[in-house]
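Worksheet: the structure to be examined is printed underneath.
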Amino acid sequence: MGSMYAAVLFIGITNATAVQPVVSIERFVSYRERAAGMYSGLAFAFAQVAIEFPYVFAQSVIYCSIFYSMASFEWTALKFIWYIFFMYSTLLYFTFYGMMTTAVTPNHNVAAIIAAPFYMLWNLFSGFMIPHKRIPIWWRWYYWANPIAWSLYGLVVSQYADDERAVKSSDGVHSMPTRQLLEQVFGYRHDFLVIAALMVAFFVIFFGMIFAFAIKAFNFQRR
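Per mature numbering (1 follows the signal peptide of the UniProt record, and there is no 0): the sequence shown = residues -18 to -1, 1 to 205.
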């Protein structure tokens, strides 16, 4: 689980950070074309969103193919597809989040400042360092609104929530099935797998749409 957590954070934040200066430069180039009536802001924005899908898919397939075998996960077609889906969706929403923060700010430097606190909050409420059952009740709403929490939920549940192999508890005496351990300690349930998939897909659409409409609505050009 720790490797999944590290991969989601490290690769995701890398994607979000790397895309910000690119979007910032391309946005100012687009102002000239939009002023000349070549295309609308939405057309430019949706083109930028669309081009990320094949690039991120290639990145996800390469990473997952290497990591899946190194992590000794169970080689079944369904589990491998689930793993690629959750990593693909995770990298997509991180990429679109980086694009979104750039679209609502004057430049990529400001975007990086705005984005950083959310990385820390997403990390804190991801459910890895503090399982959601131990999060104070008045903060649990943020766990369920956290995209990283849903990514980890889907990645872990898709690989281990049906695993009946025994795992020893911290006392070294008692043991329980992996499936039961995940449910008791982390609150991960296999019947939430589809919901986790829908939630990560929602964040992809959500960040992508905000980026598109921010590009259309905001103009930071200064003459």
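C-beta atoms are modelled at their ideal positions from N, C-alpha and C, and glycine is treated no differently.
In this text, all values refer to a predicted model and were calculated from it rather than measured experimentally.
Between the alpha carbons of Tyr13 and Trp123 lies a gap of roughly 40 angstroms. Listed in chain order, the non-local C-beta contacts of Trp126 below 6 angstroms within the same chain number zero, local neighbours out to five positions each way being set aside. If you draw a straight line from the Cα of Ala(-3) to the Cα of Phe35, it comes to about 14 angstroms. Cβ-Cβ separation between Thr72 and Val182: approximately 6 angstroms, consistent with a contact (criterion under 8 angstroms). In this structure, DSSP gives Met52 a helical state, which the three-state scheme calls helix. The DSSP-derived three-state label of Ser108 is coil. Gln2 is a Cβ neighbour of Thr84, given a cutoff of 8 angstroms.
By the C-beta density criterion, Asn91 is exposed, having fewer than 16 other C-beta atoms within 10 angstroms. Taken in chain order, the complete alpha helix (DSSP H) segments of 4 or more residues contained in the segment 22 to 109 are 23 to 52, 59 to 85 and 90 to 106. Of the candidates Met191, Asp144 and Leu60, Asp144 places its Cα closest to the Cα of Arg171.
If you draw a straight line from the Cα of Gln30 to the Cα of Met158, it comes to about 48 angstroms.
Looking at the backbone, the Cα of Trp132 and that of Ala18 are separated by about 43 angstroms.
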